[in-house]
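Participant: Residue numbers (this note's numbering), protein chains in the order written: chain A, 540 to 876; chain B, 3 to 518. Even glycine gets a Cβ: it sits at the ideal position worked out from N, Cα and C. Questions regarding the structure given below will be posed in turn.
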Amino acid sequence: MTAETVPVAKEAPQPRKSSWKRTALIGLSRYGTIIGLLLMVLFFSINAPGIFLSRANFLNILSQASLTAIIASGLTYTLVVGEFDLSIGYVASFVGLIVTGLMAYEGFPIWLSIVCALALGSGIGILNGLLVTKVRINAVISTLGIGTMLTGIGFTYSAFPIATGIPRVFTDISLGRIVFGLPNPVIIMVVVLLALWIVLNKTDIGQKMQAVGSNMEAARLSGIRVDRIKIFAFATAGFCAALTGTLLSSLLGSGTLAAADGYLLDAFAAVFLGSATLREGEFHITGTLVGVLILAVGFNGLSIFGAPTHFQPIFKGGILVLAVGMSALARRYAASA
Amino acid sequence: MSATVSAADAWMRIRGLTKSFAGELALDRADLDIERGQVHGLVGANGAGKSTLIRCLAGVTSPDQGSVTIAGSELQMGSPQASERAGLAFIHQELNLIPHFSALQNMLLGAPKVTRFGMIDWKRSGVAARAAAERVGIRFPLDTKVSELSVAQRWLVMIGKALTRDASMIAMDEPTASLSEPESEQLFAIIRDLAAQGVAILYVSHRLEEVLQLCDRITVLRDGRIVSEAERGALDKKGLVRAIIGHAIRTPDERDRLAADRSRQSVFSARSIAWKQAVKEVGLDLYKGEVLALGGLVGAGRTEFAHLVVGLARPEAGHFELDGKRLDVANPSEAVKAGIALVPEERRSQGVMLQQSVAFNINISTLKLLRSVPGLPFVSDAKSRRQAESLVAHLGIKTPGVTAKIAGLSGGNQQKALIARWLNAGTKLLILDEPSRGVDVGAREEIHDAIRALARSGVGILVISSDVEELTLLADRVLVMREGRVTGELTGADITESRIIELSYHDAHDDQGEAA
Numbered sequence: 540m541t542a543e544t545v546p547v548a549k550e551a552p553q554p555r556k557s558s559w560k561r562t563a564l565i566g567l568s569r570y571g572t573i574i575g576l577l578l579m580v581l582f583f584s585i586n587a588p589g590i591f592l593s594r595a596n597f598l599n600i601l602s603q604a605s606l607t608a609i610i611a612s613g614l615t616y617t618l619v620v621g622e623f624d625l626s627i628g629y630v631a632s633f634v635g636l637i638v639t640g641l642m643a644y645e646g647f648p649i650w651l652s653i654v655c656a657l658a659l660g661s662g663i664g665i666l667n668g669l670l671v672t673k674v675r676i677n678a679v680i681s682t683l684g685i686g687t688m689l690t691g692i693g694f695t696y697s698a699f700p701i702a703t704g705i706p707r708v709f710t711d712i713s714l715g716r717i718v719f720g721l722p723n724p725v726i727i728m729v730v731v732l733l734a735l736w737i738v739l740n741k742t743d744i745g746q747k748m749q750a751v752g753s754n755m756e757a758a759r760l761s762g763i764r765v766d767r768i769k770i771f772a773f774a775t776a777g778f779c780a781a782l783t784g785t786l787l788s789s790l791l792g793s794g795t796l797a798a799a800d801g802y803l804l805d806a807f808a809a810v811f812l813g814s815a816t817l818r819e820g821e822f823h824i825t826g827t828l829v830g831v832l833i834l835a836v837g838f839n840g841l842s843i844f845g846a847p848t849h850f851q852p853i854f855k856g857g858i859l860v861l862a863v864g865m866s867a868l869a870r871r872y873a874a875s876a
Numbered sequence: 003m004s005a006t007v008s009a010a011d012a013w014m015r016i017r018g019l020t021k022s023f024a025g026e027l028a029l030d031r032a033d034l035d036i037e038r039g040q041v042h043g044l045v046g047a048n049g050a051g052k053s054t055l056i057r058c059l060a061g062v063t064s065p066d067q068g069s070v071t072i073a074g075s076e077l078q079m080g081s082p083q084a085s086e087r088a089g090l091a092f093i094h095q096e097l098n099l100i101p102h103f104s105a106l107q108n109m110l111l112g113a114p115k116v117t118r119f120g121m122i123d124w125k126r127s128g129v130a131a132r133a134a135a136e137r138v139g140i141r142f143p144l145d146t147k148v149s150e151l152s153v154a155q156r157w158l159v160m161i162g163k164a165l166t167r168d169a170s171m172i173a174m175d176e177p178t179a180s181l182s183e184p185e186s187e188q189l190f191a192i193i194r195d196l197a198a199q200g201v202a203i204l205y206v207s208h209r210l211e212e213v214l215q216l217c218d219r220i221t222v223l224r225d226g227r228i229v230s231e232a233e234r235g236a237l238d239k240k241g242l243v244r245a246i247i248g249h250a251i252r253t254p255d256e257r258d259r260l261a262a263d264r265s266r267q268s269v270f271s272a273r274s275i276a277w278k279q280a281v282k283e284v285g286l287d288l289y290k291g292e293v294l295a296l297g298g299l300v301g302a303g304r305t306e307f308a309h310l311v312v313g314l315a316r317p318e319a320g321h322f323e324l325d326g327k328r329l330d331v332a333n334p335s336e337a338v339k340a341g342i343a344l345v346p347e348e349r350r351s352q353g354v355m356l357q358q359s360v361a362f363n364i365n366i367s368t369l370k371l372l373r374s375v376p377g378l379p380f381v382s383d384a385k386s387r388r389q390a391e392s393l394v395a396h397l398g399i400k401t402p403g404v405t406a407k408i409a410g411l412s413g414g415n416q417q418k419a420l421i422a423r424w425l426n427a428g429t430k431l432l433i434l435d436e437p438s439r440g441v442d443v444g445a446r447e448e449i450h451d452a453i454r455a456l457a458r459s460g461v462g463i464l465v466i467s468s469d470v471e472e473l474t475l476l477a478d479r480v481l482v483m484r485e486g487r488v489t490g491e492l493t494g495a496d497i498t499e500s501r502i503i504e505l506s507y508h509d510a511h512d513d514q515g516e517a518a
């Protein structure tokens, strides 16, 4: 044994303190985000009944939320395994630019352009994963480095928005309503989130991801290939970022530099809000969805009340600090329980 | 009870101290007298109330009832500052030292410092610390960074820190848990010295021999109550164990020990394994059905050897054989696939996944067996629960249910869950590094039973333990390692504490200078 080893485990954790106050606090830390979401919906419904409380507006909220939800769920995977991905916004922007370029400049068919885009995003994710696990660069640094590079590479590829030569069918992907009259991005979000939820909660690899996130050394000694699991999580984050980028280009009808950069902060805010939802400081898909809805409802309400656009970053930044703060508090109660 | 000192004279008088958590009494009307100049041992199983008592004294926990009087004046409960002002110092197993600070900086941490022009005057601030260092016999320079000190030296720094504040009582929690035998001896000498200087020592330990040897007075707690109090010599080890667990345990000679039989099939072999300076030419054979143990001092290379076997590191020379076939594992995943598993030394940092459930912790190595449909990667909740429940019952793991978080279990039950992890995993060789460290006497016996049953069922068992008594209780054969080499082998009746210690320390006095 070396002098640096972690101290031996303390025995028998302190029995739980029982007090209604504590129970209420834990309850608040678990359901606080959901209560907050419901209160917001209630507030807007009462104060702007005609505008907020309508099918059209709800679909609008869901539509806006769907792109954030997809990219945030990918980010959730990297956080579940105890890592970080700061490149997702840049990946989404970059892939969004490339996918339109493939169609407009290279004459690729739509399906092939999308497949290439998603493969590109996953590939960037795998590269992130390799840098973190094999080269052992801190995830914050490696993903920020890769993301920054992508910005420059995107600029090199096309300094101007790619707006002409994009097939109508491509823009229809995000504008169409094929199932139940729901906007397609909402359907895509439901499918992606459901798949990610099943993988995380019901499969081998999901259990292994949770094990790696809980205790990496213990996971390694349990026979789990920690590096592969982490690379898988990064690849998923890259895939989801690419999907969001592609859908955004379809929505905008153009490939624009830096178009999706802002999703990074939205995704982080959502994921951390989610980690304080239902569980005690753990990252999970359901929580992330709740976090995304809080942001979407908030933005929607702000715009209905005609708040100037610069209120959005105040709300966004504020909610991120609030989210991380709540998550930290939830963790502390979890630890002392 | 044989209280010879009349209560009124006692320096510290604890009266009727009671504390309950969630309706359960953790401490039940505890009365205790502590005298200056005495080493007072506090023993009991986990959950017996030792930590609660100490936490109350430290002011970290407020008792529901009861009082503490020190030298005639009542101690304000629930205030760490008041406890410190009253001269009480507490040294926990996890030494609260800042690794990047020097020993001196650590000793002065939080103490008022002498300043000059607003800057800390280290020279003058250090006067009290230097005097304290002298008293505990610190021989290394005080400007050494704590990260460069051995665990034993860190203990000296902690004691020095307490003395710098003029502590009149020092409570120590499991001080020898990570110390080697000579280091422990050195610490005992210092403790006796401190007692002679009039400091009261409250000594908490699971190592009963130590307590019997060191303490002037021993208090035994069980289920929150003080069940026994004895002066030095009034209790022997058997009596002490009986007081702690409420019944007697088996002695080594009463249990069956498998005779070493070289004709049996070898499950696992190591051939001239070498790695860095830590492991030198280690060769061994593990025969079917036996519990083979590696004894020796902390730092003898045993843990490193285990890490080589499971692929956490690769040997620089030599090779392993499993079931007669040459084994080549590059990482723990390949080791697990080959049937080799390690229950690691550091339960908390390398073993349990604390925020996960008991079932999750047990099942994580056998996910493939728990699929709903073979071939598809979906894990069946029902199968997971069934496997966990059957293993929990099999090993007698005490838990409110398999979905309960493992963090809520006692150390002994967490350890059993870690053993359960490998029972259905097709394990051929299970290495257990310090299987009962920090586990109470009763749980230790149950862990030993489980290990022995596994060995008899044909799983190769390699136990690493620095607890000499554990080796005599558990092992069928003991290999003693010293400085990276196997220096001796003990079988049958030769497995005694004195023989193991002898082989562990053989010309160990060469290293003693280093420990100082």
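Starting from the N-terminal side, write out each stretch of the alpha helix (DSSP H) that is 4 residues or longer and does not extend beyond the segment 101 to 186 of chain B.
Facilitator: Entirely contained in the segment 101 to 186 of chain B, the alpha helix (DSSP H) runs reaching 4 residues are, in chain order, 105 to 110, 124 to 138 and 153 to 166.
Participant: Can you list, in chain order, the residues of its chain whose CB lies under 6 Å from that of B/G440, leaving out five sequence neighbours each side?
Facilitator: The residues are G413.
Participant: Residue ranges of each beta strand (DSSP E) run of no fewer than 3 residues wholly in the segment 386 to 467 of chain B, ordered along the chain?
Facilitator: Listed in chain order, they are 431 to 435 and 462 to 466.
Participant: For the segment 750 to 772 of chain A, which residues have a beta carbon sitting closer than 7 Å to at least one beta carbon of chain B?
Facilitator: Within the segment 750 to 772 of chain A, the qualifying residues are A750, S753, N754, E756, A757, R759, L760, S761, G762, I763 and R764.
Participant: Flag A/K855 as yes if its beta-carbon sits less than 7 Å from any beta-carbon of chain B, otherwise no.
Facilitator: For A/K855, the answer is no, since every Cβ of chain B falls outside 7 Å of its Cβ.
Participant: Per DSSP, which one or two residues make a beta bridge with B/Q67?
Facilitator: Answer is B/T20, bridged to B/Q67.
Participant: Using the beta-carbon count (16 or more within 10 Å), is B/K370 buried or exposed?
Facilitator: It counts as exposed.
Participant: Measuring CB to CB, does B/A343 end up less than 7 Å from B/W424?
Facilitator: Contact: yes.
Participant: What does the alpha-carbon distance come out to for the pair B/E323 and B/S351?
Facilitator: Whole-angstrom Cα-Cα distance: 29 Å.
Participant: Would B/T429 and B/G291 qualify as a contact pair, given that the criterion is a beta-carbon distance under 7 Å?
Facilitator: No. Outside cutoff.
Participant: Could you tell me the alpha carbon to alpha carbon distance between B/P334 and B/V311, rounded to whole angstroms?
Facilitator: For B/P334 and B/V311, the distance between alpha carbons rounds to 9 Å.
Participant: Is it buried or exposed, A/H849, if we count other Cβ atoms within 10 angstroms and call 16 or more buried?
Facilitator: By the 10 Å Cβ count, A/H849 comes out exposed.
Participant: Just grab the DSSP bridge partners of B/D478 for me.
Facilitator: DSSP lists no partner for B/D478.
Participant: So, at 6 Å on beta carbons, what are the nonlocal neighbours of B/G51 in its own chain, with the 5 sequence-adjacent residues on each side left out?
Facilitator: For B/G51, where only same-chain residues beyond five positions count, the Cβ hits under 6 Å are A28, L29, L223 and G226.
Participant: Indicate whether B/G462 and B/L288 have their beta-carbon atoms separated by less than 7 Å.
Facilitator: Contact: yes.
Participant: Go to B/T221, then tell me how far its beta strand (DSSP E) extends in each direction, as first and last residue.
Facilitator: From DSSP, the beta strand (DSSP E) with B/T221 extends over R219 to R224.
Participant: Against B/M355, what residues of chain A qualify as contacts under a CB-to-CB distance less than 7 Å, listed in chain order?
Facilitator: Ordered by position in chain A, the residues that pass the 7 Å Cβ test against B/M355 are A750, S753, N754 and A757.
Participant: Taking Cβ-Cβ distances shorter than 9 Å, what residues in chain A pair up with B/Q358?
Facilitator: The contacting residues are Q749, A750, S753 and N754.
Participant: Counting only beta-carbon separations shorter than 7 Å, does B/I449 have a partner in chain A?
Facilitator: So no, B/I449 is outside the interface.
Participant: Given this structure, state the Cα-to-Cα distance separating B/R501 from B/R328, to the nearest angstrom.
Facilitator: Computed Cα separation, rounded: 33 Å.
Participant: Going by alpha carbons, who is nearest to A/L482 out of A/F591, A/I727 and A/A702?
Facilitator: Any property of residue 482 of chain A remains undetermined from this structure, which presents chain A solely from 540 to 876.
Participant: In this structure, how does DSSP classify A/T672 when only helix, strand and coil are distinguished?
Facilitator: Residue state, collapsed to three classes: helix.
Participant: Quick test of the definition: if touching needs 3 or more C-beta pairs under 8 Å, does the segment 628 to 636 of chain A touch the segment 776 to 795 of chain A?
Facilitator: Result yes; three or more Cβ-Cβ pairs closer than 8 Å.
Participant: Please confirm whether B/S506 has its beta-carbon closer than 7 Å to some beta-carbon of chain A.
Facilitator: Output row for B/S506: interface = no.
Participant: Mind checking if A/T827 is an interface residue toward chain B, Cβ cutoff 7 Å exclusive?
Facilitator: No, A/T827 does not count as interfacial toward chain B.
Participant: If you run the structure through DSSP and keep just helix, strand and coil, what is A/Y570?
Facilitator: If DSSP states are grouped into helix, strand and coil, A/Y570 belongs with the helices.
Participant: Beta strand (DSSP E) containing B/L29: first to last residue?
Facilitator: Looking at the DSSP string, the run of the beta strand (DSSP E) that includes B/L29 is E26 to I36.
Participant: Have a look at the DSSP bridge pairing and note the partners of B/I228.
Facilitator: According to DSSP, B/I228 bridges with B/L223.
Participant: Distance cutoff 7 Å, beta carbons only. Does A/D800 sit that close to anything in chain B?
Facilitator: No, no contact with chain B.
Participant: For the segment 694 to 712 of chain A, enumerate the residues whose C-beta is nearer than 8 Å to any C-beta of chain B, in chain order.
Facilitator: From the segment 694 to 712 of chain A, no residue has a Cβ closer than 8 Å to chain B.
Participant: Run through the DSSP bridge pairs and tell me what B/T493 is partnered with.
Facilitator: BP columns for B/T493 point to B/R479.
Participant: Measuring CA to CA, which of B/Q417, B/G241, B/G298 and B/R273 is closest to B/E318?
Facilitator: The option with the nearest alpha carbon to B/E318 is B/R273.
Participant: Check the Cβ of A/I744 against every Cβ in chain B and list those closer than 8 Å, keeping chain order.
Facilitator: Result: P379.
Participant: Kindly indicate if chain B contains any beta-carbon less than 7 Å away from that of A/K741.
Facilitator: Yes - at least one Cβ of chain B is within 7 Å of the one on A/K741.
Participant: Is B/M174 near B/Y205, with beta carbons less than 7 Å apart?
Facilitator: Cβ atoms of B/M174 and B/Y205: closer than 7 Å.
Participant: Could you give the distance in angstroms between the alpha-carbon of A/K741 and the alpha-carbon of A/E622?
Facilitator: Roughly 21 Å separates the two Cα atoms.
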